[in-house]
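Using my numbering, the first residue of the sequence shown is number -1, and each one after it goes up by one.
The beta carbon of each residue, even a glycine, is placed where N, CA and C say it ideally should be.
Here is the structure we will look at.
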Amino acid sequence: MRVFIVGGGGREHALAWGVSRSPRLEKLYAYPGNAGIARLAEIPPLPGDEIGTLVDFARGAAIDLTIVGPEQPLDGGIVDEFRRAGLTIFGPTAAAARLESSKAFSKELMASVGVPTARFGVFDDFAAAWKFGNSHRLPLVVKADGLAGGKGALICETPAKLEKALDAMLTHGAFGQAGRTVVIEEFLRGEEVSLFVLVDGGGRTCILAGAQDYKRVGEGDTGPNTGGMGAYSPVSVITDELVARIMQTIIQPTLAGMKAVGTPYTGMLYAGLMLTEEGPFVVEYNCRFGDPETQAIVPRVADDFLMLCYAAATGHLPVKRVNLTKKWAACVILASEGYPGRIQKGREITGIGADDYASQVFHSGTRVSEGKLVTDGGRVLGVTGMGATVRAAVHNAYRRAEKIRFQGKTLRSDIAWRELARMKNSSG
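So this is what it looks like as structure tokens:
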């Protein structure tokens, strides 16, 4: 099969790695790619990432399957355009991708089908939003309705913070069009986890894996939100019983609701969940593979990853659950100094070394300049450690990460801390 991956981050490098292991793969392309992806796939010299350009390339290169990594092309209708051109593509249509691209649509759909989620209100007017916020107990969470790169949710513990958040989004356009409408919702307490499910559009689902990511930039879950500073998989609290409950009370009703409104869902459905005392609640839906969760999940997949994606895209998922190895995986993100704020690019990277059974390096923001590997983004590399226990996986990730050098390298040293604490407590 001839495969085309759209995207250029760590998630896409992990997807390319997973696809490259399939005996069914004939040729792999990716765009825009990065220095790591370029070792696995051909990066075509396209004039840009406009959807029409990508369609023309896929048609000309006789691509059998396109896999979309980021959320922006999905929101922009890449799946719709590829299908109109008679091309097979993995992902939801723009209308179905509103589960992620519009928090208001997502919350209202969940409410209509009885999916447990935080109580909420939707507003595009400051006065009405402020009145609603003042009538509810703090803390509250203010979310930009549209896509904001994982940075559009603000926790407001005081009236001053609530006013500042609403003023920034609704009055001053802090997130542009994405923040012109906001969702205000109650703050859920518990442990946040994610469940990834393949959906084929014909009513069949296939559970991929559970994971837990670390969104805050600082250790101890402090500082501003980022795209993600690390993740691990599996998560011990995501038991088979909990998965069954999530599928019955959350995933299946959501998919039925999407079908009922005329937008059947296909692709990856990634549920961000809060495990509360009352059970699992949906924090948000994402309509693609997570980053960096993918870097901790794909290395655990024992099945043919390419054929799983193809089966979902063509409406023929054959199994209820993906076969995974018994190993744990932990991904640690190496970021540029200043991330998620202003950063410096072009700093030389050394010490990556070779991948082995214990660790892999996935490139996020890298490029080759004058024959040298250099930084090219806020998140630079994802180092995934593998092991028979979560402790071993974390150890292998950090051991490899220590050897990698670039000016301003930053990372969290506490990835998987909750799981490590559970392990310690269970062992006495």
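**Prompt:** Cβ atoms of arginine 9 and aspartate 452: under 8 angstroms apart, would you say?
**Reply:** One cannot answer for residue 452 here, as it falls past the ends of the chain, which runs -1 to 426.
**Asked** Would DSSP call histidine 11 helix, strand or coil?
**Response** helix
**Message:** Can you tell me whether phenylalanine 185 is helix, strand or coil according to DSSP?
**Reply:** coil
**Close beta carbons around alanine 327, own chain, < 6 angstroms, minus the five adjacent residues each side** = Answer for alanine 327: Ser231, Ala294, Pro297, Arg298, Thr382, Met384 and Ala391, listed in chain order.
**Prompt:** To the nearest whole angstrom, what separates the beta carbons of alanine 163 and cysteine 154, a pair I think is in contact under 8 angstroms?
**Reply:** Between the beta-carbon of alanine 163 and that of cysteine 154 there is about 5 angstroms, and that keeps the pair under the 8 angstroms contact cut.
**Asked** Three or more C-beta pairs closer than 8 angstroms, one from the region 182 to 192 and one from the region 138 to 150: is that the case here?
**Response** By the Cβ test, the region 182 to 192 is in contact with the region 138 to 150, since at least three Cβ pairs between them sit closer than 8 angstroms.
**Asked** What is the DSSP secondary structure of histidine 393, counted as helix, strand or coil?
**Response** Helix.
**Beta-bridge partners of threonine 415, as assigned by DSSP** = According to the sequence as given, residue 415 is tryptophan; it is not threonine. Tryptophan 415 pairs with nothing; no bridge assigned.
**Prompt:** Between which two residues does the beta strand (DSSP E) carrying serine 231 extend?
**Reply:** Boundaries of the beta strand (DSSP E) harbouring serine 231: 228 to 231, taken from the DSSP string.
**Message:** Let's test the definition: count the other Cβ atoms within 10 Å of the Cβ of alanine 414 and tell me whether it reaches 16, buried, or not, exposed.
**Reply:** buried
**Message:** On the criterion of 16 or more Cβ atoms from any shown chain inside 10 Å, does tyrosine 355 qualify as buried, or is it exposed?
**Reply:** Taking a 10 Å sphere around the C-beta of tyrosine 355, we find fewer than 16 other C-beta atoms and assign the residue as exposed.
**Message:** Between the alpha carbons of glutamate 106 and arginine 96, how many angstroms are there, rounded?
**Reply:** 11 angstroms
**Item:** Best match in Gly208, Pro45, Gly147 and Gly46 for proximity to asparagine 321 [C-alpha to C-alpha]
**Value:** Gly208
**glutamate 361 classed as buried or exposed, judged by whether at least 16 other C-beta atoms fall within 10 angstroms** = At residue 361 the sequence reads histidine, which differs from the glutamate that was named. So histidine 361 ends up on the buried side.
**Message:** Counting beta carbon pairs with one atom in the region 369 to 378 and one in the region 333 to 345, are three or more of them shorter than 8 angstroms?
**Reply:** yes
**Request:** Over the uninterrupted alpha helix (DSSP H) stretch that includes aspartate 211, give me the two end residues.
**Result:** Not the alpha helix (DSSP H): aspartate 211 falls in the beta strand (DSSP E), residues 203 to 211.
**Message:** Suppose contacts are defined by Cβ-Cβ distances below 8 angstroms. Is aspartate 143 in contact with serine 100 by that definition?
**Reply:** yes
**Request:** Return yes when at least one heavy atom of the ligand SAH lies under 7 angstroms from the C-beta of arginine 298, else no.
**Result:** Among the components modelled here there is no ligand, and therefore nothing to report on the ligand SAH.
**Asked** By how many angstroms is the C-alpha of leucine 379 removed from the C-alpha of arginine 365?
**Response** 11 angstroms
**Request:** Go through its chain and collect everything with a Cβ distance to proline 278's Cβ below 8 angstroms, but skip five positions before and after it.
**Result:** Pro114, Leu240, Arg243, Ile244, Thr247, Ile248, Leu271 and Met272
**Item:** Bounding residues of the alpha helix (DSSP H) (the contiguous stretch that carries leucine 97)
**Value:** 96 to 99
**Whole-angstrom distance between glycine 89 and aspartate 198, CA atom to CA atom** = 9 angstroms
**Asked** With a CB to CB cut of under 6 angstroms and the five nearest residues on each side skipped, what residues in its chain are close to histidine 11?
**Response** Gly34, Ile35, Phe360 and His361
**Request:** Enumerate in chain order the residues of its own chain whose CB-to-CB distance from phenylalanine 130 is below 8 angstroms, with the five nearest sequence positions on each side excluded.
**Result:** Gly119, Phe121 and Ile182
**Asked** Are the CB atoms of tyrosine 337 and valine 215 nearer to each other than 8 angstroms?
**Response** yes
**Request:** Determine the direct distance from the alpha carbon of cysteine 329 to that of arginine 397, and round the result to whole angstroms.
**Result:** 12 angstroms
**Item:** Of the listed residues Ala352, Ala109, Glu368 and Gly200, nearest to lysine 257 (C-alpha basis)
**Value:** Gly200
**Item:** Reduced DSSP secondary structure (H/G/I, E/B, other) of phenylalanine 2
**Value:** The answer is strand: DSSP assigns phenylalanine 2 an E or B state.
**Request:** Within 10 angstroms of the Cβ of serine 192, are there 16 or more other Cβ atoms? Answer buried if so, exposed if not.
**Result:** buried
**Residue environment, serine 357, which counts as buried when at least 16 other CB atoms sit within 10 Å** = So serine 357 counts as buried.
**Alpha-carbon spacing of threonine 156 relative to leucine 168, whole angstroms** = 18 angstroms
**Asked** Excluding sequence positions up to five away, which residues of its chain have a Cβ less than 6 angstroms from the Cβ of asparagine 284?
**Response** Glu98 and Tyr268
**Message:** What does DSSP give as the partner residue(s) for arginine 435 in the beta ladder?
**Reply:** There is no way to answer for residue 435, as the model of the chain reaches only from -1 to 426.
**Asked** Would you report the Cα separation of aspartate 412 and glutamate 48, rounded to the nearest angstrom?
**Response** 39 angstroms
**Request:** Report the three-state DSSP secondary structure of proline 222 (helix, strand or coil).
**Result:** Proline 222: strand per DSSP, three-state reduction.
**Item:** Pick from Leu152, Thr237 and Thr274 that is closest to glycine 221, judged by C-alpha positions
**Value:** For the residues Leu152, Thr237 and Thr274, the minimum Cα distance to glycine 221 belongs to Leu152.
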